[in-house]
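Let me begin by presenting the structure, written as structure tokens, before commenting on it.
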Amino acid sequence: MATVSSGRIDLSTLMARFDGEIKCREYLESLRWPDGPMCPKCWGTEIARVQGRESVLRCTSCQQQFSVTAGTVFNDSHLPLSKWFIATYILTQSKKGVSACQIQRMLGIGSYKTAWYLCHRIRSAMVEVGRRSQLTGTVEMDETYIGGKHSGVGQRQARKMKQVVIGIRKRNGELRFFHAEDAKIGTLEQYIRENISETVDVIITDELPAYPRAMKGRKHETVNHSDKEYVRLGTDIHTNTIESAFSLLKRGLIGTWHKMSAKHLSAYLAEMEFRFNRRQSETLFQDTLRHMVSAPVLTFEKLTANAENAA
Ligand SMILES: [Zn+2]
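In terms of this note's numbering, the sequence shown opens at residue 328 and continues consecutively.
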């Protein structure tokens, strides 16, 4: 069976180890079912392989046929799993993200649409699952505006047309990004309530007037960016760590995803956050594949539907 030993894997090792469908499939099976395959219908564990169709498994109790990829983000894909593996590797290792166009060129994928859909399917598994704990300690919070240039409109109008991203980061710790409706008091308050503990040591923001009223009793300090006061002298009061995450995000958006639509912004933010929070992890690639064999199907119709939540 193909395995990935502990430690960070490099691309040439990955390509040598997963050089065929069977090796890739066995590896996915080991990630999805560490104790051996299990029937998705009756949870039976007496499983046989269907002769002549190595990818298909059959439950000997209820006769259900299934495979490790059916009902996951891999569902109905015609691309070889080895290409999925390499694309996943590239997405997890590129800290600013990678464009579908580049994936298409690097992997020799026939159409841009296929590469775009592939990237979105991998991305859809790069999300945090389960309830997240509230952040404590020193927490930095900032907002930024993302969107194309709008010529012929005033600055105020142009800002309205941009997308608001709120970033919250525990200093030297976890990062969270949100595609927010706006940066008004009520909106900021909601993100603070959901993500930052009432017993936080301090929340540090810029001087946006909405922040003080959104804190609801939490200790709050500000830095004045308009006066170029990025670190208050003689103190630890700065928002540098959330700003470095924002600058990575912006470089990613500018440099790699030229034509991103607002609908998909949340998915890109989740991808950036997922990778950023695991950047020291030696198992980032394996963890992403494990998410991919447990994440639900993302159909092309759903991805391209006009709803906000389709992203
Ligand atoms: Zn069964």
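Ideal Cβ placement from N, Cα and C applies to all residues, glycine included.
For a cut-off of 8 angstroms, the C-beta gap from Ala597 to Val400 is around 14 angstroms, too long to register as a contact. In this structure Val527 is in contact with Val466, their Cβ atoms being roughly 5 angstroms apart against a cut-off of 8 angstroms. Distances between the C-beta of Gly398 and the heavy atoms of ligand 1 are all 6 angstroms or more.
Looking from the CA of Leu575, the closest CA among Val425, Thr615 and Thr463 belongs to Val425. Assignment of Asp614 by DSSP, reduced to helix, strand and coil, places it in the helix class.
A Cβ-Cβ distance of about 6 angstroms is found for the pair Ile473 and Leu580, placing them in contact under the 8 angstroms criterion. The beta carbon of Gly347 is closer than 8 angstroms to those of Ser409 in its chain, skipping five residues each way along the sequence. CA-to-CA, the gap between Ala452 and Ala397 works out to about 15 angstroms. Of the residues Pro536, Glu501 and His506, the one whose Cα lies closest to the Cα of Ile512 is Pro536. The beta carbon of Thr514 lies closer than 7 angstroms to those of Ala507 and Glu508 in the same chain, with the five residues before and after it left out.
Distances from the CA of Thr463 to each of His447, Lys497, Ala632 and Val456 were compared; the closest alpha carbon is that of Lys497. When C-beta atoms of the segment 598-606 are compared with those of the segment 376-395, fewer than three pairs fall below 8 angstroms, so the two segments do not count as touching. Taking Met342 as reference, the option from Val529, Trp411 and Gln390 with the minimal CA-CA separation is Trp411.
Between the segment 384-392 and the segment 439-449 there are fewer than three inter-stretch CB-CB distances shorter than 8 angstroms, so the stretches are not counted as touching.
Our two residues, Met468 and Arg458, have alpha carbons roughly 20 angstroms apart in a direct line. Annotated three-state conformation of Thr568 is helix, per DSSP.
In this structure, Ser438 is the residue among Ser438, Glu628 and Ala622 with its C-alpha nearest to the C-alpha of His405.
In its chain, beyond the 5 residues on either side, Thr465, Lys546 and Glu548 have a beta carbon closer than 6 angstroms to the beta carbon of Val529. The C-beta distance from Lys423 to Arg578 rounds to 5 angstroms, short enough to fall under 8 angstroms. Under a 10 Å Cβ-count criterion, Cys366 is classified as buried, with 16 or more other Cβ atoms of the shown protein chains found around its own Cβ. Around Pro364, the same chain offers Glu356, Ile374 and Leu384 as residues with beta carbons nearer than 7 angstroms, after the five sequence neighbours per side are excluded. Distances between the C-beta of Gly500 and the heavy atoms of ligand 1 are all 6 angstroms or more.
The residues Tyr439 and Ala442, in chain order, have a CB closer than 6 angstroms to that of Gln431 in the same chain once the five nearest residues on each side in sequence are set aside. Per DSSP, the beta bridge partners of His547 are Ile530. Under the three-state reduction of DSSP, Ala594 is assigned to helix. Here Glu600 is buried, its C-beta having at least 16 other C-beta atoms within 10 Å. For Ala375, no alpha helix (DSSP H) segment is defined; the enclosing uninterrupted segment is the beta strand (DSSP E) at Ile374 to Arg376.
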